[in-house]
Structures are given as structure tokens and as C-alpha cells.
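Asks: Quick one: the structure is below, and I'll ask about it shortly.
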Amino acid sequence: MAILTTIDEKFRNTVGEFPDKIALIYKEEKFTFNELDQLVNQLANGLAGKGVGKQDKVIIYLPHMSQWIISWFALQRIGAVAVPVSHFYGHDILHYIAKDCGAETIFCSEANVEHVRLAWPNSFLKNIIIADAADHEDVKDSSGEISLAAATFESYLGTEAPPRSAIEIEGKDMAEILYTSGTTGLPKGVTISNIYLLEQIFESKKQSELIIPMGEGITIQGAPLNHILGQELGLGSLLSGDTLVLLAQMNLDNLLEHIEKFKATTFFGTPTLCRMILEHDKLDQYNLTSLRYVFTGGETLPVEVAKNWAQKFGHTLYNGYGST
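Take any residue in the sequence shown, count from 1 to its spot, add 360: that is its number in this note's numbering.
In C-alpha cells form, the structure reads like this:
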């Protein structure tokens with residue numbers, strides 16, 4: 361996997377190399393790299409047409425779903441800055457992050473849109489994009505004026521952007537801000553440039569490609585996409601031609617069922633998750649022989665967990681570090 365200057369450049373190259381290969385699986389949805397790229401382009405045009413531009417901050421406040429992936433890559437395409445946050449955050453932390461980074465636009469779901477409405481006052485937020493809604497309702501102030509415009513994800517996909525000059529994006533340009541809660545106090549925003557994230561992914565893929573050749577991996581997203589280690593495997597899979605499987609819900613049986621069903625080769629999980637898998641009373645009911653590369657991090661990896669994993673599966677756990 362060669363390092364290129366920008367994330368979007370790398371993604372475009374990958375699409376060109378694997379156009380008809382399945383890139384993303386979510387529930388019953390399957391997208392080839394070419395189909396995913398078309399959706400990314402549609403959303404990028406829609407965002408640009410609404411005035412979202414280079415280095416503008418946009419919050420991704422979504423659970424794992426196909427729209428999360430499309431949104432993140434669309435923001436890279438127009439040079440905007442993605443701000444992925446946990447969809448479990450309440451309105452207080454969301455308000456703090458929105459104000460801290462200066463975001464005017466936010467992707468959310470029907471399940472957490474009320475938190476966005478509560479976080480809106482005294483923030484910079486102006487636009488809500490509800491990823492899984494068929495309809496929407498604007499937020500109005502006491503005079504009846506629209507203060508926070510809401511729209512559906514599909515309405516942005518249907519928007520044609522006005523003609524514009526090509527956006528010049530450089531490796532040093534900020535690609536995203538990750539808020540880490542691994543320190544005391546409120547989450548701290550960590551700025552991630554295009555080249556930094558690509559280098560992180562490159563280093564991670566250097567290890568995994570010794571075991572699984574590029575373009576042959578099937579990755580189960582077992583860690584949050586708003587965490588750098590989750591991104592290294594999840595987004596890194598899409599940037600290197602592997603298939604990414606998103607889980608609609610994260611529990612042990614669902615995870616193990618998906619590993620078996622899709623013959624997953626790779627997943628990321630915290631040491632706690634790895635321990636829970638080892639201790640799961642139904643573990644032997646699942647065929648997990650396809651797993652060849654398991655990456656872990658986010659907390660201390662106990663020696664016993666690493667030893668027991670190697671004994672059970674015959675493969676080493678690979679440990680990494682996050683943004684904290």
C-alpha cells in the first residue's frame with residue numbers, strides 16, 4: 361500500500377483498482393467500490409452546493425451505518441474536516457464539541473436528533489442532516505424564523521452542485537478532528553492531517569499485509585469509527601481494497617455470527633472485548649477459522665488475554681495505541 365498525498369486521492373485510486381469488488385456491507389446493503397464512490401461524489405456535490413467548503417468542520421454524530429462511511433469520504437472529497445463523535449453522547453458534550461470546533465453542519469440519526477436540538481443554542485450549528493429519516497422538521501426560534509435547517513440524507517444526494525473550480529487538497533491539510541476522552545475533564549480535540557492518517561493506516565497495513573494480501577481482507581468493524589484505531593482497520597480496509605462489514609448492533613453473538621457468515625479475516629477489538637470472546641459460553645458454536653489478523657488497543661492488553669488468544673486461535677493479537 362503506497363502512501364499518496366491525500367485520503368481522497370488514495371480512495372479514488374482504490375476505486376480505480378477494485379471498481380466491481382464489494383467495498384461495504386451493512387445489514388442487507390452491499391456496495392461495490394464504484395457504487396460507494398458514486399454516492400460519495402453525490403453527497404460531496406450536495407454539501408458543496410449548500411456552501412460546505414474546504415476546512416469547514418462537520419460533525420458525524422451517527423451510529424455505524426453506510427451513511428457514516430459515505431459522509432466521511434464525501435467530506436474528504438471537498439476538503440472539509442470530519443468531526444466524528446460517539447452517537448451515545450448527550451447534548452451537553454455535543455454542545456461543547458460543536459462550539460469547540462466551530463461546526464455549522466452535523467450528520468445525525470432520528471435516534472439522537474433531539475440531542476442536536478438541545479445542543480444547538482449558543483453553538484455555531486446551522487444545518488442538520490438526518491441520515492435515516494424520510495422527513496424532517498426545522499428548528500425555529502421564538503419569532504418563527506428557522507434557526508437550524510434540517511434535511512434528509514437523500515435530499516443532499518439529489519442536489520446538483522453549481523460548477524466550481526477543482527478543490528486543491530494537500531497532505532498537510534486537516535482531514536478530521538477526533539475527540540478523545542482518555543484524559544481528565546472534557547474530551548480533547550486531536551487534529552489529524554491527511555498524511556498523518558494515511559501514514560497510520562500504512563503502518564498498520566504493513567503488518568496485516570504480511571498475513572493477508574491487499575484487497576483480499578474482509579474486516580468486521582468491531583470498534584468505533586470515531587476512534588483512531590477503529591479507523592486504521594475500518595477506513596484503512598476501504599482505502600486498501602478490502603471489504604468492510606459494519607455491525608448494526610454490537611454484541612458478542614452478533615459479532616461472532618458476522619465473522620462466521622462473511623468469513624471475516626480481520627477485526628479490531630479492545631482487550632476487554634477479546635477477553636469476553638474467549639470467555640463466551642457459546643464460542644465453540646461458531647466457526648471463526650477465517651480470522652487471521654486481530655488488532656487490539658484502547659486499553660492495556662493483559663498478558664493472559666494475549667496468551668489465551670494465541671492458544672485458542674493460533675494467531676497473535678496485535679496491539680496499538682490511540683489518540684490520547
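Glycine included, every Cβ here is placed at the ideal spot set by N, Cα and C.
Can you say whether aspartate 602 is buried or exposed, counting buried as having 16 or more other CB atoms within 10 angstroms of its CB?
Replies: As a first step, residue 602 must be located in the sequence shown, where it is residue number 242. So aspartate 602 ends up on the buried side.
Asks: Kindly provide the ranges of any beta strand (DSSP E) runs that are 3 or more residues long and lie completely inside the segment 440 to 485, ordered along the chain.
Replies: 441 to 444 and 465 to 468
Asks: By DSSP, does tyrosine 421 sit in helix, in strand, or in coil?
Replies: On the sequence shown, position 61 is the one that residue 421 refers to. Three-state DSSP puts tyrosine 421 in coil, outside helix and strand.
Asks: Just the C-alpha distance for threonine 551 and glutamate 536, rounded to the nearest angstrom, thanks.
Replies: Position 191 of the sequence shown, counted from the start, is the residue given in the question as residue 551. Position 176 of the sequence shown, counted from the start, is the residue given in the question as residue 536. Whole-angstrom Cα-Cα distance: 6 Å.
Asks: Within 10 angstroms of its Cβ, does valine 665 collect 16 or more other Cβ (buried), or is it exposed?
Replies: Indexing the sequence shown from 1 puts residue 665 at position 305. By the 10 Å Cβ count, valine 665 comes out buried.
Asks: Can you check which of these residues, Glu514, Tyr539, Pro547 and Glu369, is closest to serine 426 by C-alpha distance?
Replies: Working through the sequence shown from its first residue, we reach residue 426 at position 66. Ranking Glu514, Tyr539, Pro547 and Glu369 by Cα distance to serine 426 puts Glu514 first.
Asks: Under DSSP, the alpha helix (DSSP H) around lysine 532 begins and ends at which residues?
Replies: To locate residue 532, count along the sequence shown from 1; it is residue 172. Looking at the DSSP string, lysine 532 is not in any alpha helix (DSSP H), and its letter there is neither H nor E.
Asks: With distances taken between CB atoms, is the gap from serine 431 to isoleucine 489 smaller than 9 Å?
Replies: Start at 1 with the first residue of the sequence shown, and residue 431 comes out as number 71. Start at 1 with the first residue of the sequence shown, and residue 489 comes out as number 129. Their beta carbons are under 9 Å apart, which means serine 431 touches isoleucine 489 by this criterion.
Asks: Is it buried or exposed, serine 541, if we count other Cβ atoms within 10 angstroms and call 16 or more buried?
Replies: Counting from one through the sequence shown, the residue named residue 541 turns up at place 181. Label assigned to serine 541: exposed.
Asks: Which residue's Cα is closest to the Cα of histidine 475: Gly462, Thr465 and Asp452?
Replies: Your numbering for residue 475 matches position 115 in the sequence shown. When C-alpha distances from histidine 475 are compared across Gly462, Thr465 and Asp452, the shortest belongs to Asp452.
Asks: Taking only three categories from DSSP, how would you classify serine 568?
Replies: As a first step, residue 568 must be located in the sequence shown, where it is residue number 208. Note: serine 568 maps to helix in three-state DSSP.
Asks: Under 7 Å Cβ to Cβ from phenylalanine 378, same chain only, skipping five residues before and after it: list those, please.
Replies: The residue you call residue 378 lines up with position 18 of the sequence shown. Only Phe393, Gly575 and Gly601 meet the Cβ criterion.
Asks: Going by C-alpha distance, which of Gln645, Pro662, Tyr646 and Phe673 is nearest valine 654?
Replies: Start at 1 with the first residue of the sequence shown, and residue 654 comes out as number 294. Taking only the C-alpha atoms, the option nearest valine 654 is Phe673.
Asks: Taking the alpha carbon of tyrosine 556 as the point to measure from, which residue in Ile580, Gly531, Leu570 and Glu569 has its own alpha carbon closest?
Replies: Position 196 of the sequence shown holds residue 556. Nearest of Ile580, Gly531, Leu570 and Glu569 to tyrosine 556, Cα basis: Gly531.
Asks: Three Cβ pairs or more, each shorter than 8 Å: is that satisfied between the segment 395 to 402 and the segment 619 to 635?
Replies: Note that the segment 395 to 402 does not touch the segment 619 to 635; fewer than 3 beta-carbon pairs, one per stretch, sit closer than 8 Å.
Asks: Tell me the residue span of the beta strand (DSSP E) that contains phenylalanine 378.
Replies: Residue mapping note: residue 378 aligns to position 18 of the sequence shown, counting from 1. Looking at the DSSP string, phenylalanine 378 is not in any beta strand (DSSP E), and its letter there is neither H nor E.
Asks: When burial is assigned at 16 or more other CB atoms within 10 Å of the CB, is aspartate 685 buried or exposed?
Replies: The structure shown has nothing for residue 685, since the chain only spans 361 to 684.
Asks: Would you say valine 473 and cysteine 461 are within 9 Å of each other, going by their C-beta atoms?
Replies: Position 113 of the sequence shown, counted from the first residue, corresponds to residue 473. Position 101 of the sequence shown, counted from the first residue, corresponds to residue 461. Contact: no.
Asks: DSSP three-state call for glycine 575: helix, strand or coil?
Replies: Here residue 575 is taken as the residue at index 215 of the sequence shown, counted from 1. Looking at glycine 575 - three-state DSSP - the assignment turns out to be coil, as it is neither helix nor strand.
Asks: Between the Cα of threonine 625 and those of Ile571, Arg372, Val663 and Asp644, spot the shortest distance and give me the residue it belongs to.
Replies: Mapped onto the sequence shown, residue 625 falls at position 265. Closest option to threonine 625, Cα to Cα, is Ile571.
Asks: Are tyrosine 386 and tyrosine 421 touching if we call contact CB-CB under 9 Å?
Replies: Residue 386 sits at position 26 when you count from the first residue of the sequence shown. Residue 421 sits at position 61 when you count from the first residue of the sequence shown. No. Outside cutoff.
Asks: Please go through the same chain and pick out, in chain order, the residues whose beta-carbon is closer than 6 Å to the beta-carbon of leucine 454, but skip the five residues on each side of it.
Replies: Here residue 454 refers to the residue found at position 94 of the sequence shown. For leucine 454, where only same-chain residues beyond five positions count, the Cβ hits under 6 Å are His475 and Ala479.
Asks: Relative to the C-alpha of threonine 374, which residue among Lys565, Asp397, Glu559 and Gln609 is closest?
Replies: Mapped onto the sequence shown, residue 374 falls at position 14. Here the closest residue by C-alpha is Asp397.
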